[in-house]
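K.L.:
Have a look at this one before I ask anything.
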Amino acid sequence: MSTDINPVSASLRSDADIVSSVVRTADLGSPVAACPGWDLRQLVEHTGSIHRWATHAIIHGGQPPKDADFSPAHDDNLAVWIVDGATALIDALDAAGPEADTWHPFPLEQKVWVWGRRQALETAMHRWDAQTAAGLEATLDPELSSTGIGEYLEMGLPRVLARAGVPPPSASLHVHCTDVDGEWLVWSDNGTYRMLPVHDKGDAALRGPAADIWLVLMGRLDRSEVDIVGDPAAADAWLDLPDW
Numbered sequence: 000m001s002t003d004i005n006p007v008s009a010s011l012r013s014d015a016d017i018v019s020s021v022v023r024t025a026d027l028g029s030p031v032a033a034c035p036g037w038d039l040r041q042l043v044e045h046t047g048s049i050h051r052w053a054t055h056a057i058i059h060g061g062q063p064p065k066d067a068d069f070s071p072a073h074d075d076n077l078a079v080w081i082v083d084g085a086t087a088l089i090d091a092l093d094a095a096g097p098e099a100d101t102w103h104p105f106p107l108e109q110k111v112w113v114w115g116r117r118q119a120l121e122t123a124m125h126r127w128d129a130q131t132a133a134g135l136e137a138t139l140d141p142e143l144s145s146t147g148i149g150e151y152l153e154m155g156l157p158r159v160l161a162r163a164g165v166p167p168p169s170a171s172l173h174v175h176c177t178d179v180d181g182e183w184l185v186w187s188d189n190g191t192y193r194m195l196p197v198h199d200k201g202d203a204a205l206r207g208p209a210a211d212i213w214l215v216l217m218g219r220l221d222r223s224e225v226d227i228v229g230d231p232a233a234a235d236a237w238l239d240l241p242d243w
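With the first letter of the sequence shown counted as 1, position 138 gets the number 137 in numbering that gives the first Met the number 0; the numbers rise by one all the way through.
The structure is reproduced here in structure tokens:
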């Protein structure tokens, strides 16, 4: 993972601007298919609140207070509010630099680059959600999607397994992007989750464009949209785990 913050800032800026544009024209009551129970307004409020939560952690180097409320005020213009939060986050990331110490809740080194990567990926995925909810065409950058796959397999799946209190599937899975660099193998080592970013044969393989694979792993796209090679049951065992 590159720790260069500049592409992260560019991605955050672009996606926040797109979400702002969607907010200005779409029905905020539109349901978000990937987030059951949420409408477009709730999706945008969540995204902007997380931006502000991360900004607080970066600036103060610690966990935000549990009673902190980063949601918009009743009279806030949501289209402006989402951009303001993203701007503050970008400023905090740029001011700190990727190797600065910080606090975050993820099982990685306590460095600012982790926040940059996480927020760029979450914002891109929720921008896709917002456009889709509004009935607009939505795409994801292949390189960013490959980074998203890697983050999920490195950081997301261990959290899923720990939260569910279940061991990893016994079968191994090879994940292979066909349009950009990106290959991983996940497997169980006597009940312990293992992952390596390598080209290696698994009991099953998940192959396809990076964006499609990332959307499948994030529960946004049906698995039939990517190629599954080998034992389908082995792939299903990994794809049927709870959402991140």
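Backbone N, C-alpha and C define an ideal beta-carbon position, used for all residues, glycine too.
Short check: CB of residue 78 to CB of residue 19, under 9 angstroms?
P.N.:
yes
K.L.:
Is residue 182 helix, strand or coil by DSSP?
P.N.:
strand
K.L.:
Between the C-alpha atoms of residue 247 and residue 90, what's the straight-line distance to the nearest angstrom?
P.N.:
Because the chain spans 0 through 243 in this model, residue 247 falls outside it and cannot be assessed.
K.L.:
Within the same chain, show all residues whose beta-carbon is closer than 6 angstroms to that of residue 182, passing over the 5 residues directly before and after it, in chain order.
P.N.:
The residues are 175, 198.
K.L.:
Can you tell which of 113, 212, 133 has the C-alpha that lies nearest to the C-alpha of residue 105?
P.N.:
Closest in C-alpha terms to residue 105, from the list 113, 212, 133, comes 113.
K.L.:
What does DSSP give as the partner residue(s) for residue 175 in the beta ladder?
P.N.:
182, 206
K.L.:
Just tell me which of 242, 66, 10, 5 has its CA closest to the CA of residue 163.
P.N.:
242
K.L.:
For the stretch 53-127, which segments carrying the alpha helix (DSSP H) assignment without a break, of at least 4 residues, lie completely within its bounds, in sequence order?
P.N.:
Listed in chain order, the complete alpha helix (DSSP H) runs (minimum 4 residues) inside the stretch 53-127 are 77-95.
K.L.:
Quick one: give me the first and last residue of the beta strand (DSSP E) that residue 193 is part of.
P.N.:
Residue 193: member of the beta strand (DSSP E) spanning 191-195, first to last residue.
K.L.:
Short of 6 angstroms in beta carbon distance, which residues of its chain neighbour residue 222, apart from the five on each side in sequence? Order them along the chain.
P.N.:
Closer than 6 angstroms at Cβ, skipping near neighbours: 215, 238.
K.L.:
Pull up the distance between the alpha-carbon of residue 145 and that of residue 160, whole angstroms please.
P.N.:
21 angstroms
K.L.:
Looking only at its chain, what residues have a beta carbon closer than 6 angstroms to the beta carbon of residue 3, apart from the 5 residues adjacent to it on each side?
P.N.:
Its pLDDT being 45, under 50, residue 3 is placed unreliably in this model, and the value from its coordinates should be taken loosely. If we look at residue 3 and ignore the five residues flanking it on each side, it has no Cβ neighbours.
K.L.:
Under 9 angstroms between the Cβ atoms of residue 244 and residue 140?
P.N.:
Outside the displayed range of the chain (0 to 243) lies residue 244, so it cannot be described from this structure.
K.L.:
Do three or more CB pairs link the stretch 81-97 to the stretch 43-56 at distances below 8 angstroms?
P.N.:
yes
K.L.:
By alpha-carbon positions, which one of 180, 70, 35, 135 ends up nearest to residue 52?
P.N.:
70
K.L.:
Please state whether DSSP places residue 31 in a helix, a strand or coil.
P.N.:
Correct three-state label for residue 31: coil.
K.L.:
Grab me the residues of residue 186's own chain with a C-beta within less than 6 angstroms of its C-beta, minus the 5 sequence neighbours each way, in chain order.
P.N.:
171, 193
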